[in-house]
Amino acid sequence: MKQYPICIIDDSEEDQKRLLNIAGKVFPEAVCSVFSSCSEFLASSSYYLLVLLDIQVAEEDGIRCSQEISMHASFIAYVTSFNERVMDAFAPKVAGFLTKSMTDEELSAGLQKIRNRYFVPSMQIRTRTGVISFHPSMVQYISKRGRTIYISFGKEMEYQLVAETIQHCQEILPDLCRINQSELVNLDYVRSITPEELELYDGTRLFPSRRERRHVQEVFLRRIQ
1 MKQYPICIID DSEEDQKRLL NIAGKVFPEA VCSVFSSCSE FLASSSYYLL VLLDIQVAEE
61 DGIRCSQEIS MHASFIAYVT SFNERVMDAF APKVAGFLTK SMTDEELSAG LQKIRNRYFV
121 PSMQIRTRTG VISFHPSMVQ YISKRGRTIY ISFGKEMEYQ LVAETIQHCQ EILPDLCRIN
181 QSELVNLDYV RSITPEELEL YDGTRLFPSR RERRHVQEVF LRRIQ
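Using UniProt numbering, you'd call the opening residue of the sequence shown number 1 and step up by one each time.
If you want it as structure tokens, here you go:
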């Protein structure tokens with residue numbers, strides 16, 4: 001993917017400009033958006049691969065809002081002045097914790113670590129619109145519908161694959177969990193699980209086969225323990 005969406009949620013114009021400048025240099029291929037509150041972000045109904053979130057945004061608590069925000073983002077990185085709340089901020093989909101007291105160089109280095117771990121492309125795959133490069137952690141699920149196989153990086157980032165099979169996708173992306181004959185899922189993106197269905201953070205619902213239900217639950221529980 002040559003471009004992907006990231007955003008900043010912060011009520012300080014000065015901090016917005018600072019983070020926008022630094023993020024633009026660390027993620028030159030990204031399209032950056034800015035929101036002044038969590039409510040404004042949620043009202044946009046857009047999906048982002050990375051959200052840089054201030055813990056205290058006006059009267060809103062970023063940590064409390066992060067569960068809702070995570071339904072619209074692959075990863076969250078906290079950027080805040082409240083060092084004492086570091087331990088409160090650890091949760092699924094949190095990619096990092098940065099403080100505003102850091103120098104620009106330190107913030108840049110922190111974002112670079114997040115980029116290297118979660119975003120630097122290390123794979124390529126052929127799609128109907130051309131070859132895309134991506135990091136395996138960015139894949140949410142792969143689904144076969146009819147004779148066509150799709151790879152999804154979020155609701156607004158789905159591609160049709162060319163000359164692929166579910167079996168080969170499982171071989172090249174071994175961390176994905178097979179939930180039925182037609183679908184592979186990255187369990188890091190699963191918000192809730194029941195024997196009958198999985199709900200992803202972006203609201204997508206997927207349905208394990210009876211044969212795979214027990215296996216899926218066991219793998220999911222191992223990942224969160």
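Cβ atoms here follow ideal geometry from the backbone N, Cα and C, with glycine treated the same way.
Item checked: Residue closest to residue 180, alpha-carbon to alpha-carbon, out of 25, 195 and 23 -> 195
Notebook entry, point to check: In three-state DSSP terms, what is residue 5?
Noted result: strand
Note to self: Extract the residue ranges of the alpha helix (DSSP H) inside the UniProt domain "Response regulatory" (5-115), only unbroken runs of 4 or more that lie entirely within it.
What the structure shows: 13-26, 38-44 and 62-69
Margin query: Please classify residue 80 as buried or exposed, where buried requires at least 16 other C-beta atoms within 10 Å of its C-beta.
Written below: buried
Next item on the list: Within 10 angstroms of the Cβ of residue 110, are there 16 or more other Cβ atoms? Answer buried if so, exposed if not.
Entry: buried
Note to self: Could you tell me which whole beta strand (DSSP E) segments of length 3 or greater appear in the stretch 142-208?
What the structure shows: 148-152, 158-160, 177-180, 183-185, 190-193 and 198-200
Next item on the list: Could you check if residue 164 is buried or exposed, using at least 16 other CB atoms within 10 Å of its CB as the buried criterion?
Entry: buried
Notebook entry, point to check: Taking just the CA atoms, how far does residue 143 sit from residue 133?
Noted result: 19 Å
Next item on the list: Would you mind sorting residue 149 into buried or exposed? The rule is 16 or more other CB atoms within 10 Å of its CB.
Entry: buried
Next item on the list: Using only alpha-carbon positions, find the residue among 99, 67 and 158 that is nearest to residue 128.
Entry: 158
Margin query: With a threshold of 7 Å on Cβ separation, who are the neighbours of residue 20 within its own chain once the five nearest residues in sequence on each side are excluded?
Written below: 8, 32 and 34
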